[in-house]
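All letters in the sequence shown, in the order written, are residues 296 to 673 by our numbering.
In this text, a Cβ means the ideal position worked out from N, Cα and C, and glycines have one as well.
The structure under discussion appears below in the form of structure tokens.
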Amino acid sequence: MKNISRLRYFIYLSLLIIGGCTTGKKALQKGDYDASVEKSVSRLQNSPKNSEAMEVLKTAYDLALKDHLRKIDEAKMSNDLFRWESIMYDYQKINQLADEINSCPACLAIVPNPSKYITELAESKYNAAGARYNSGLGYLREKTRQTAKKAYYEFEKTLNLQPNYKDAKAKMEDAYWAAVTRVVVQPIIVNSSLYKLSADYFQQQIDQYIAKYTRNRFVIFYSEEQATNQKIVPDQVLSLNFDDFVVGQTYVKERVEKLKRDSVVIGETRTKRPVYGTVKATLSIFEKNISSSGLLDMSITDWKTRKLLRQQKFPGTYIWCDSWASFQGDERALSKEQLIMTRRKETLPPPPSALFLEFTKPIYNQLVDDIGYYYANY
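Right, here's the structure in full:
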């Protein structure tokens, strides 16, 4: 069985090697001239005298070059605003094929002087950048937030094509600030000194979230203090208020169980033989639940029109639990777990401020998820 497995492995490995050493003939037959050149070059780098790869390279390169030049001529005659990007791509492919052939001594014997279009590529890049730049200017002139976003991306593409093209960097900055939505987040007001520290901590968590928000580059959140200091005129105002909250609702439940256990040694005879009998006990189990809950209202309003854009309510609940027990009767009637419970004392609950903080945790998670969802593609 081992020999058969080894044979299968050898056959599989041989097929992989054979497949990896293709001359590019199949790609040539399918009309994929670029791939055919790349594969024949690869084969000649490993096997410089491979006659089939030599033949394929000569034919495939000639066809690939003619195909790219044809596409370039067609693109130049088209009315496509972004035709120069297509032209640039074809010049890049021609130059890439030339570089591959130049890296293979055996290939240079077949194609001695592969064509390279350095100047033409540079010109097409410059023209492509100009087309994107002009497109960005057109979008920017429309003076809407959505078209400003489009302008931003057009100027970004301009700079990717031509890093120092005219004033594209400054125009991109202008487009960005025209596209940004400025959201001022109003602080939560809790009119109770008992919960002030907890409410402040909850507010700090929200402030940290909005300060680190990066999901959408075109949305910037400001605290009310930041907006005042920086003299920001908001586009939207996000308000957070507790509709209601209750802290420390206490519920205590007692459950009584009658217990008995048979065949327990309850004594011994004069002859020291054990005496078996039934033992009984009454077990009282106490369960205390302290419930705290609240409902946070979030509303997003357009600053100029005062129109309500979104309103959501987020509930949160936290239940603190404690349990203990007592018994009367014979402790041998109790199980090990029941006996441990009777030795447990009633625990003091957390202070109200801590209970307040606990019920806000699920509210916070819902809140940031909703904010992230709403502004993700804004």
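Whole-angstrom C-beta distance between residue j and residue i, which should lie under 8 Å
{"i": "Ser-410", "j": "Ile-382", "result": "Incorrect: roughly 15 Å between the Cβ atoms, too far for contact."}
{"i": "Ala-355", "j": "Gly-319", "result": "6 Å"}
{"i": "Leu-578", "j": "Phe-622", "result": "5 Å"}
{"i": "Lys-553", "j": "Thr-573", "result": "Rounded, the Cβ-Cβ distance is 12 Å, inconsistent with contact."}
{"i": "Ile-658", "j": "Leu-604", "result": "At roughly 21 Å, the Cβ-Cβ gap does not stay under 8 Å, so Ile-658 and Leu-604 are not in contact."}
{"i": "Leu-352", "j": "Val-406", "result": "7 Å"}
Close-in-space but distant-in-sequence residues of the same chain around residue i (CB under 7 Å, 5 per side omitted)
{"i": "Ala-322", "result": "Ala-330, Ser-331, Lys-334"}
{"i": "Lys-461", "result": "Tyr-428"}
{"i": "Tyr-496", "result": "Leu-652"}
{"i": "Lys-640", "result": "Trp-619"}
{"i": "Tyr-412", "result": "Tyr-386, Ile-389, Asn-390"}
{"i": "Glu-415", "result": "Tyr-386"}
{"i": "Tyr-669", "result": "Arg-605"}
Whole-angstrom distance between residue j and residue i, CA atom to CA atom
{"i": "Asp-625", "j": "Ala-576", "result": "5 Å"}
{"i": "Ala-522", "j": "Ser-419", "result": "45 Å"}
{"i": "Asn-660", "j": "Glu-451", "result": "34 Å"}
{"i": "Met-349", "j": "Tyr-384", "result": "27 Å"}
{"i": "Arg-550", "j": "Val-542", "result": "25 Å"}
{"i": "Arg-627", "j": "Arg-638", "result": "14 Å"}
{"i": "Ala-393", "j": "Tyr-504", "result": "52 Å"}
{"i": "Arg-365", "j": "Ser-398", "result": "26 Å"}
{"i": "Ala-483", "j": "Leu-435", "result": "Checking the displayed sequence, the identity of residue 483 turns out to be Ile instead of Ala. Cα to Cα, Ile-483 sits roughly 38 Å from Leu-435."}
{"i": "Pro-675", "j": "Asn-374", "result": "The chain is shown from 296 up to 673; residue 675 falls before or after that span and cannot be answered."}
{"i": "Phe-581", "j": "Tyr-613", "result": "20 Å"}
{"i": "Asp-469", "j": "Gln-531", "result": "20 Å"}
{"i": "Asn-536", "j": "Lys-526", "result": "24 Å"}
{"i": "Leu-492", "j": "Ala-671", "result": "32 Å"}
{"i": "Arg-601", "j": "Pro-646", "result": "40 Å"}
{"i": "Gln-499", "j": "Ala-506", "result": "10 Å"}
{"i": "Tyr-508", "j": "Tyr-421", "result": "36 Å"}
{"i": "Pro-367", "j": "Arg-378", "result": "One point to set straight first is that residue 367 is Ile, not Pro, in the sequence displayed. Roughly 9 Å separates the two Cα atoms."}
{"i": "Thr-442", "j": "Asp-664", "result": "27 Å"}
{"i": "Lys-567", "j": "Thr-545", "result": "54 Å"}
{"i": "Phe-654", "j": "Ala-446", "result": "45 Å"}
According to DSSP, residues forming a beta bridge with residue i
{"i": "Ser-594", "result": "Ser-534, Gln-606"}
{"i": "Gly-624", "result": "Ala-576"}
{"i": "Asp-617", "result": "Lys-583"}
{"i": "Ser-588", "result": "Val-541, Thr-612"}
Cβ-based neighbour list, residue i, same chain, cut-off 8 Å, excluding 5 preceding and 5 following
{"i": "Pro-529", "result": "Arg-477, Val-478, Val-479, Tyr-517, Ala-522, Trp-598"}
{"i": "Lys-344", "result": "Ala-401"}
Sequence-distant residues of the same chain with beta carbon closer than 6 Å to residue i, five excluded per side
{"i": "Leu-533", "result": "Val-478, Val-480, Ile-595"}
{"i": "Thr-453", "result": "Ala-424, Arg-427, Tyr-428, Tyr-460, Ala-463"}
{"i": "Trp-615", "result": "Ile-585, Pro-644"}
{"i": "Met-593", "result": "Leu-535, Gln-607"}
{"i": "Phe-540", "result": "Gly-589"}
{"i": "Gly-562", "result": "Val-570"}
heavy atom of the ligand GTP below 7 Å from residue i C-beta
{"i": "Asn-672", "result": "Within the structure as shown, the ligand GTP is missing, as the structure has no ligands at all."}
Legend entry - Complete runs of the beta strand (DSSP E) confined to the region 482 to 570 [at least 3 residues]: 514 to 518, 531 to 563
Inset, instruction - Only counting runs of 3 or more residues, tell me where the beta strand (DSSP E) segments fall wholly within the region 424 to 481, in order along the chain. - result: 476 to 480
Legend entry - Secondary structure, alpha helix (DSSP H): runs of 4+ residues fully inside the region 360 to 428: 378 to 397, 400 to 403
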